[in-house]
Every structure is written in structure tokens, then in C-alpha cells.
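Keeping their order, the protein sequence lines are chains A and B. Start counting at 1 in the first sequence, then tack on 3, and there's your number in this note's numbering. Start counting at 1 in the second sequence, then tack on 315, and there's your number in this note's numbering. Step one of this worksheet: look at the structure below.
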Amino acid sequence: DAKTTQPTSMDCAEGRAANLPCNHSTISGNEYVYWYRQIHSQGPQYIIHGLKNNETNEMASLIITEDRKSSTLILPHATLRDTAVYYCIVRFNNNDMRFGAGTRLTVKP
Amino acid sequence: DSGVTQTPKHLITATGQRVTLRCSPRSGDLSVYWYQQSLDQGLQFLIQYYNGEERAKGNILERFSAQQFPDLHSELNLSSLELGDSALYFCASSVFDRGNSPLHFGNGTRLTVT
């Protein structure tokens, strides 16, 4: 599976959009981009995933560039409860999922 | 609530002992995954089962073993425990149908080895 690169940490003001970037320049055509988050020591929570097209659900939007070498997770109106470590993962089919270090997002009042 | 149930939530044991962690996947999910998360390391993939068969192995120590039973629940066995095995152990499950299905994680078992 392709590797991903994420910033170590980011801050966001409460109520503003949080845009979390991820680089995956070695992604191959059949690999999906997944986003998870982990709040404190809870189990990782699935957020969203996509292959080529932009995706949106009740939690977030996923924007994948046309060349698929990078993506952005958007939390449209961040709240304090969105403070967490966010993981971007590239995964082939139903293989196991390998987590990197992620981005620690802090939402500030 | 992800629908994945892990028991026990907390476990304290001594070095050299053996423990068993249990995972019940979401209803309908055929694949189970085990992960370890210690303080100084991120989420490390250990092993994956699909419908009772081992499918993929990660950085799982020889002292650790797992299985998935006919009712699809899974157990992770940790033996000859060392202080460094203290960690959070997460189980996840997925449907594993065609295409790509997300993993859904339980809330983990916190193991403390003293």
C-alpha cells in the first residue's frame, strides 16, 4: 500500500472549517483513500473514504486531486469535540489497514 | 457505537502470564483485525482473519496468537507477557465484500503488565 504524509499537528478555530491535507504521491489506480480519527484513547472512528471522486457524508467532505496524489479532509464547522488525531490511509481493496502517525488537530474556542 | 464489542475493557496481569482478549464483530462482518497501540508507538497492525481463516499478518510476535471461531468472534492470546506488552489492543471488523469496505473499531482492551 502507498505511504502517506500528513502534517504533525494543526490548529483550527471553533466554528471554522478544518482542512486536513494528505500527500499520497505513490498511490496506484486501485487504492482507496481512507480517513479515520482517534479521540483520546478511544477506538479509531471511520470518517470517509473515496477512490477518485470527491465524497461527502454527514461528518466530512473528502477532496481528491485529479492526479490522486493528494487529498484534503474538510470538517465544515469544527467543534471542540473534533479535537483528535486524524489518520489518512491508502488501502488496496480489502487488505489490512496500516496507520501512520496522523495529524493532531486541536480545535480552539 | 461501532457495533464491535471487546472484552474485557481493562486487564492487569503480571509478567510471564497469559491472557485472552475477546472480540465480537459487527453483525454481518466476516473479517476481523487486531491492532496494538502502545504509548510510544502508533497503531500497529497485528493480524487479520476472514471467515475463520488467517488472511494477513503484520508485526505480531510469536508469543501472540489469534483465531476466529465459526460464530465469527475472535480471540487474541498473549503469552509469556512482558512489561513492553502493556498497550491498548483494538479489534476491528469489516464486511469484506467486493470493492472496499471500511473497518469499524471497538473501544479496545487496555492491558497493563506489572
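Beta carbons are placed, not taken as given, at the ideal position from N, Cα and C, and that holds for glycine.
Strictly under 7 Å for the Cβ-Cβ distance: is residue i near chain B by that measure?
| i | result |
| --- | --- |
| Tyr49(A) | yes |
| Gly53(A) | no |
| Asp14(A) | no |
| Asp99(A) | yes |
| Asp21(A) | Note that residue 21(A) is Ala in the sequence shown, not Asp. Output row for Ala21(A): interface = no. |
| Tyr35(A) | yes |
| Gln9(A) | no |
Less than 7 Å between CB atoms is the rule here; does residue i satisfy it with respect to chain A?
| i | result |
| --- | --- |
| Phe420(B) | yes |
| Ala402(B) | no |
My guess is that residue i and residue j are in contact by the Cβ rule of under 8 Å, so how many angstroms apart are they, rounded?
| i | j | result |
| --- | --- | --- |
| Phe420(B) | Pro47(A) | 5 Å |
| Ile51(A) | Trp38(A) | 5 Å |
| Asp85(A) | Ala20(A) | Wrong, their Cβ atoms sit about 11 Å apart, outside the cutoff. |
| Leu437(B) | Trp349(B) | Residue coverage of chain B in this structure runs from 316 to 429, which leaves residue 437(B) outside it and unanswerable. |
Could you work out which residue in the options is closest to residue i when comparing CA atoms only?
| i | options | result |
| --- | --- | --- |
| Ala402(B) | Ser409(B), Ser408(B), Ser416(B), Leu393(B) | Leu393(B) |
| Thr7(A) | Ile67(A), Pro112(A), His27(A) | His27(A) |
| Thr11(A) | Pro112(A), Ala87(A), Asn98(A) | Ala87(A) |
| Tyr35(A) | Gly103(A), Thr109(A), Asn96(A), Lys111(A) | Asn96(A) |
| Gln332(B) | Val319(B), Asp400(B), Leu354(B) | Asp400(B) |
Near residue i, what residues of its chain come up, given a Cβ to Cβ distance below 7 Å and the 5 sequence neighbours on each side ignored?
| i | result |
| --- | --- |
| Glu397(B) | Thr330, Val428 |
| Leu345(B) | Tyr365, Asn366, Leu387, Val410, Phe411 |
| Ile66(A) | Asn57, Ser74, Thr75, Ile77 |
| Arg94(A) | Asp4, Glu34, Tyr35, Tyr37, Met100 |
Going along the chain, which residues of its own chain have a beta-carbon closer than 8 Å to the beta-carbon of residue i, five neighbours each way excluded?
| i | result |
| --- | --- |
| Leu326(B) | Val334, Leu336, Thr424, Arg425, Leu426, Thr427 |
| Thr328(B) | Val334, Leu396, Leu426, Thr427, Val428, Thr429 |
| Ala63(A) | Trp38, Ile50, Ile51, Leu76, Ile77, Leu78, Pro79 |
Please list, in chain order, all residues of the same chain as residue i whose beta carbon is under 6 Å from its beta carbon, the five residues on each side excluded.
| i | result |
| --- | --- |
| Leu23(A) | Leu76, Tyr89, Thr106 |
**Message:** Which residues of the stretch 344-360 of chain B have a Cβ closer than 9 Å to any Cβ of chain A? Give them in chain order.
**Reply:** Residues passing the 9 Å Cβ filter: Ser346, Tyr348, Tyr350, Gln352, Gly357, Leu358, Gln359, Phe360.
**Interface residues of the stretch 375-387 of chain B facing chain A [CB-CB below 9 Å]** = Of all residues in the stretch 375-387 of chain B, none places a beta-carbon less than 9 Å from a beta-carbon of chain A.
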